[in-house]
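Student:
Numbering (the working numbering), first residue to last: 23 to 214.
(1) With DSSP collapsed to three states, give me the class of residue 64.
(2) Threshold first: 4 residues or longer. Then list the alpha helix (DSSP H) segments lying entirely within the segment 64-134, N to C.
(3) Does the contact criterion of 3 or more C-beta pairs under 8 Å hold for the segment 104-116 versus the segment 124-141?
(4) Is DSSP giving residue 151 helix, strand or coil here?
(5) Comparing alpha-carbon positions, which option in 126, 170 and 151 lies nearest residue 195?
(6) Just verifying my parser: in three-state terms, what is the DSSP assignment at residue 171?
(7) Which residues in the same chain have their Cβ closer than 7 Å to the Cβ of residue 185, if we skip the five residues on either side of it in sequence?
(8) Along the chain, where does the alpha helix (DSSP H) containing residue 38 start, and where does it finish?
(9) Check whether the Cβ atoms of residue 99 and residue 153 sit closer than 7 Å, and answer yes or no.
(10) When you compare only the Cα positions, how much space is there between residue 207 and residue 199?
(11) For residue 5, I'd like the list of residues in its chain whose CB is within less than 6 Å of its CB, leaving aside the five on either flank, ordered along the chain.
(12) Quick check on the DSSP output: the beta strand (DSSP E) that includes residue 146 runs from which residue to which?
(13) I'd like to check one pair, residue 41 with residue 83: are the Cβ atoms closer than 7 Å?
(14) May I ask you to report which of helix, strand or coil DSSP gives residue 32?
(15) Do you know offhand how far residue 73's Cα is from residue 43's?
(16) Specify the secondary structure class of residue 51 as computed by DSSP and reduced to three states.
(17) Can you tell me whether residue 198 is helix, strand or coil according to DSSP?
(18) Looking at the ligand ADP, does it come within less than 6 Å of residue 191, judged from the CB to the closest heavy atom?
(19) Could you give the DSSP three-state label for residue 25: helix, strand or coil?
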């Protein structure tokens, strides 16, 4: 198992270039949270010649919507949602300065191309770990689109959030690399 890379936000070009598909990361700093409806509003604002009510420049956005917050907790369980639902909006947001995304699942070819073009990174959070991920959240505040309820945009401060780099700015894609590596070990696996 690889050692974790400790990454503190904000992530600049050099920091993004230091990450490679398959790297295990412990992410600390401030991130945004938003899902489908929020992405649509952000894209609509940009396409209308405006700006969203918060900056996306050099930000990381986590594709999630928290469950209700239990008494005494900072936030409720907050697991990743399927990233592909944000694919229609992602190239535009990356072109406007978004640095990266956290989610789960394979990305469309145009998203992978935009990640390369804009020195971005796509992190993966493991599905089914919502309680563990919530324990990494040190503070949470709503920043926009409160009418969307659990899909409102939040800003979280996270500490050592466990992630894996799924796609990097060098063209690495763990969804391609992983299966290819597994296939290279077929003869070993046949002997088990």
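Note that CB positions come from ideal geometry on N, CA and C, so glycine has one too.
Tutor: So, to answer that:
(1) helix
(2) 112-117
(3) yes
(4) coil
(5) 126
(6) helix
(7) Same-chain partners within the cutoff: 47, 49, 124, 145, 146 and 147.
(8) 35-39
(9) yes
(10) With a pLDDT of 47 at residue 207, under the threshold of 50, the modelled position of this residue cannot be trusted, and the question is left open.
(11) The structure shown does not extend to residue 5, since the chain spans only 23 to 214, so no value can be given for it.
(12) 143-146
(13) no
(14) coil
(15) Straight-line spacing of the CA atoms in residue 73 and residue 43 works out to 31 Å.
(16) strand
(17) helix
(18) As for the ligand ADP, it is missing from this structure, which has no ligand bound.
(19) coil
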